[in-house]
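This report refers to the structure that appears directly beneath it.
Residue numbers (our numbering): 32 to 175.
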């Protein structure tokens, strides 16, 4: 009975994880972040490569939840990986805001007509500063 229960739990866990992953990737494709970024950087011919890399990143990120990887990489590479992860999350957030027309609606209602690039950069800087404070404070409390 115990073996049967474990097999059922494994199947349910894999199925649930697959559904969550499918939902996230459907969300990413629905807001069109990959074609939009490829168009802005004029690298449309690499869209299948970008999609494969995002899928592999999702698989790797998921497996890090239950497998401890020990990669012999230095602090500089870890910082680069964290930076690129932040860029992806920022692009995803901006793409979602763009799809929902959050920024144009806010700018129209607040009657901001000049300094829009500064406004957007301020939002990005605030997000970066908030993330840094979160990880610095969290790291401080973990170390003590």
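Beta carbons: idealized from backbone N, C-alpha and C, even for Gly. Just so we're clear, the structure is a prediction, and the values are computed from it rather than from any experiment.
Coil, strand or helix - residue i by DSSP
i, result
"residue 144", "coil"
"residue 75", "helix"
"residue 95", "coil"
"residue 100", "coil"
"residue 89", "helix"
"residue 49", "helix"
"residue 132", "coil"
Pair within 8 Å by beta-carbon distance, residue i and residue j
i, j, result
"residue 89", "residue 35", "no"
"residue 121", "residue 155", "yes"
"residue 147", "residue 138", "yes"
"residue 78", "residue 66", "yes"
"residue 64", "residue 123", "yes"
Beta-carbon contacts of residue i that lie in its chain and below 8 Å, excluding the five residues immediately before and after
i, result
"residue 128", "134"
"residue 48", "93"
Close Cβ partners of residue i (< 6 Å) along its chain, the five nearest in sequence each way excluded
i, result
"residue 144", "none"
Inter-residue CB distance, residue i and residue j (contact presumed, cutoff 8 Å)
i, j, result
"residue 126", "residue 62", "5 Å"
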